[in-house]
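Using the working numbering, the letters of the sequence shown map in sequence onto residues 52 to 328.
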Amino acid sequence: MSTWGKYLAYGPDPAVVESYKYPKKYLIGGNWKCNGTKESVAKLVKTLNSAGPIPPWVEVVVGVPAIHIGDVLKTIRKDISVAAQDCSATGYGAFTGELAAPMLADFGVSWVILGHSERRTNQKESSELVATKTKAALDAGLSVMVCVGETLEEREAGKIDAVVLDDHMGALKGKFSDVEWAKIAIAYEPVWAIGTGKTASPEQAQDVHASIRGWLAANVSPAVAAATRIQYGGSMKGANAPGLLAKPDIDGGLIGGASLKAEFITGIAAAAPEPSL
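Below is the structure:
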């Protein structure tokens, strides 16, 4: 039975209808980074809760500082999921200061952001460590947004493929089954466009997204390549979201500053075009 046939057959159940009508939703992630007091987080949740509807072809996730996860889980609208901004490569044990993936899953977190450029740079996280953390997160039942991307110097030196494909993506090669890949999204974030106000043009972003999808087809499988959501993560906001999300290989965004505003829903999530059936 075709996807559309299943949609019609299971029409009475809205959840099943939605899953068959939009099997590959845009993934709009918000990274709150190291921001927020109890008061400001409560205000932000209230803003997002009242920001209007999320299209049924869009999945929205917010990456919350660990100390605020509990409050956000209790108060955020049900159609927004919660992500942690990191997890450890290990499980429970004598690892002072670490946050194990099973803890996050037990607490009700459903996603985790791993390999963000700020951690790769400031905490000196290697691509191999990011891959190990990804496996730990998947084993705990979490979904993962794995961040990849080049610096301005690397781009200008012609090293985009060497960094993004050979190193960042290369560390993931052979580590996960197709079933596990179904819970991984790749967030392409050109480091030179994060928090700088600069944005890769839709064409520049599309070129790298297409390369990542090509890498997946060659190194995992064509089916995984087609199903994996590849997000753009460099200063996406309401003004540029429509142009970026219109590109064929851009399946969402990982948004920083704009995720702290109502435009995260009204200008970005709402800008994702409805997929053709």
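Ideal Cβ positions, reconstructed from N, Cα and C, are used throughout, including at glycine.
Bridge partner(s) assigned by DSSP for residue i
i	result
Gln282	Ala238
Met196	Ile164, Ala236
Leu311	Beta-bridge pairing links Leu311 to no other residue.
Leu305	Gly80
Closest Cα partner of residue i within the set the options
i	options	result
Pro74	Gly80, Ile105, Val109	Val109
Gly246	Leu150, Glu207, Trp232, Gly284	Gly284
Tyr239	Arg264, Ala309, Ala145, Gly248	Arg264
Leu203	Val160, Arg170, Ile211	Ile211
Arg171	Asp218, Glu149, Gly144	Asp218
Asp229	Ala191, Val271, Gly248	Val271
Gln257	Gly294, Ala145, Asn173, Gly148	Gly294
Thr141	Glu254, Asp130, Met154, Ile235	Met154
Lys72	Glu179, Ile79, Pro106, Val92	Pro106
Ile237	Leu305, Thr250, Asn100, Gln136	Leu305
Gly148	Val160, Ile118, Ala244, Lys175	Ile118
Ala182	Ala156, Ser91, Gly221	Gly221
Asp190	Leu216, Gln174, Leu223, Phe227	Phe227
Gly318	Asn291, Ala156, Leu223	Asn291
Thr88	Ile120, Gly225, Pro326	Ile120
Gly81	Ser286, Asp300, Lys298	Ser286
Lys298	Ser252, Ala145, Lys234, Leu180	Ser252
Ser101	Pro326, Ile316, Ser327	Ile316
Ala268	Pro326, Lys224, Ser327, Ser91	Lys224
Lys38	Gly103, Lys249, Glu90, Ile235	Because the chain here runs from 52 to 328, residue 38 falls outside it and cannot be looked at.
Phe158	Val113, Asp122, Ser327, Asp300	Asp122
Val275	Thr250, Val259, Ala233, Lys249	Ala233
Lys84	Gly103, Trp266, Asp137, Gly248	Asp137
His260	Ile301, Lys249, Thr250, Ala244	Ile301
Expected contact under 8 angstroms - CB spacing of residue i and residue j to nearest Å
i	j	result
Val133	Val111	Val133 to Val111, Cβ: 10 angstroms. No contact.
Glu205	Val214	5 angstroms
Gly303	Ile79	5 angstroms
Val242	Gly200	5 angstroms
Tyr77	Leu311	Going by Cβ atoms, the distance from Tyr77 to Leu311 rounds to 20 angstroms, so no, they are not a contact pair.
Val160	Ala187	Rounded, the Cβ-Cβ distance is 14 angstroms, inconsistent with contact.
Lys288	Glu314	7 angstroms
Ser139	Ala151	5 angstroms
Ser262	Leu216	6 angstroms
Distance cut-off 8 angstroms: residue i Cβ against heavy atoms of the ligand GTP
i	result
Val113	What this structure holds is no ligand at all, so the ligand GTP is not there to describe.
Give, in chain order, every unbroken run of the beta strand (DSSP E) that is at least 3 residues long and sits entirely within the segment 74 to 141. 77 to 82, 109 to 115, 131 to 135
### Query
Should the segment 271 to 279 be called in touch with the segment 305 to 324, which here means at least 3 C-beta pairs below 8 angstroms?
no
task: Report yes or no: do three or more beta-carbon pairs, one from the segment 89 to 99 and one from the segment 126 to 135, lie closer than 8 angstroms?
output: yes
ask   = With a cut-off of 8 angstroms, do at least 3 Cβ pairs link the segment 186 to 201 to the segment 153 to 165?
value = yes
Problem - Segments assigned alpha helix (DSSP H), at least 4 residues, entirely inside the segment 168 to 194 - result: 168 to 173, 178 to 190
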